[in-house]
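A short worksheet on the structure shown next.
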Amino acid sequence: KRRNDFMSKFEKKFGKYAIPNLTLVLIMCYVAGYIIQLMGAAGGTNLLGFLTLDPYRILHGQIWRLVTWVIYPPSSVGGTGNLVMFLLAIFFFYYPIGTSLERTWGTFRYTLYIFSGVLFTVIAAVLLHVFTGGYVVMNGIAYSLGGNIFTTYYISLSIFLAYAVTYPDLQLLLMFVIPIRMKWMAFVYGLFIAWDIVSYLRVGLWVGVVPIVASLLNFVYLLFQYP
Numbered sequence: 060k061r062r063n064d065f066m067s068k069f070e071k072k073f074g075k076y077a078i079p080n081l082t083l084v085l086i087m088c089y090v091a092g093y094i095i096q097l098m099g100a101a102g103g104t105n106l107l108g109f110l111t112l113d114p115y116r117i118l119h120g121q122i123w124r125l126v127t128w129v130i131y132p133p134s135s136v137g138g139t140g141n142l143v144m145f146l147l148a149i150f151f152f153y154y155p156i157g158t159s160l161e162r163t164w165g166t167f168r169y170t171l172y173i174f175s176g177v178l179f180t181v182i183a184a185v186l187l188h189v190f191t192g193g194y195v196v197m198n199g200i201a202y203s204l205g206g207n208i209f210t211t212y213y214i215s216l217s218i219f220l221a222y223a224v225t226y227p228d229l230q231l232l233l234m235f236v237i238p239i240r241m242k243w244m245a246f247v248y249g250l251f252i253a254w255d256i257v258s259y260l261r262v263g264l265w266v267g268v269v270p271i272v273a274s275l276l277n278f279v280y281l282l283f284q285y286p
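Residue numbers (the working numbering): 60 to 286.
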């Protein structure tokens, strides 16, 4: 109850800054990112490289990266076919889930959930840069930490996980055929995340774990709201 009272007061003070239809805004950002990536590939340039979350370049004046990194595609594009598959997944899966969460939670709380994931990721990127100096050493070789390790992939995933916590017993058709409850889908996604973390740690690339943890801190907080 105390948590709810705090959130209600917070919403009353800052609720006017909520963004309606935020899921659609995110989708538009992703599509823009894919288009820019395809245009860059066609022209032989890395256009997205000027938009990524790169703390080194941000600290040297390229402050637009604090915002523009959110359009970085959640996964790479291998061609128009992959782009079509991505758009289908977004419009038939993530869009309904996101809009349903916004209706259930309210626009402000949904906006806060997404933006907290973004903020945690930015903070993690800056701290990682400060801690490592922008480089990580593997097998005696120093590698630069480019901004492309920070994307909205796990932030997008946190939307699905939040939906599973909110509607654990809701049933959907996997592959449009197999009935499965949301809580079991979330469990499977959790295994994928754990595998990603273990895969990074096995090769000594611990910095790869940082974006994952940071992007999902909003979901960790949500778990405390559903004891």
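Note that CB positions come from ideal geometry on N, CA and C, so glycine has one too.
- Around the beta carbon of L187, a 10 Å sphere encloses 16 or more other beta carbons of the protein chains shown; the residue is thus reported as buried.
- For P238, the uninterrupted beta strand (DSSP E) segment begins and ends at I237 to R240.
- Around the beta-carbon of D113, 16 or more other beta-carbon atoms lie within 10 Å, marking it buried.
- Segment contact: the region 62–82 against the region 97–116, fewer than three CB-CB distances shorter than 8 Å; contact not assigned.
- Counting the other Cβ atoms within 10 Å of the Cβ of R162 gives fewer than 16, which makes it exposed.
- For L110, the three-state secondary structure derived from DSSP is coil.
- Secondary-structure assignment with DSSP links L231 through a beta bridge to I239.
- Here DSSP, grouped into helix, strand and coil, assigns Y131 to coil.
- Shown here, H188 sits in a helix according to DSSP, grouped into three states.
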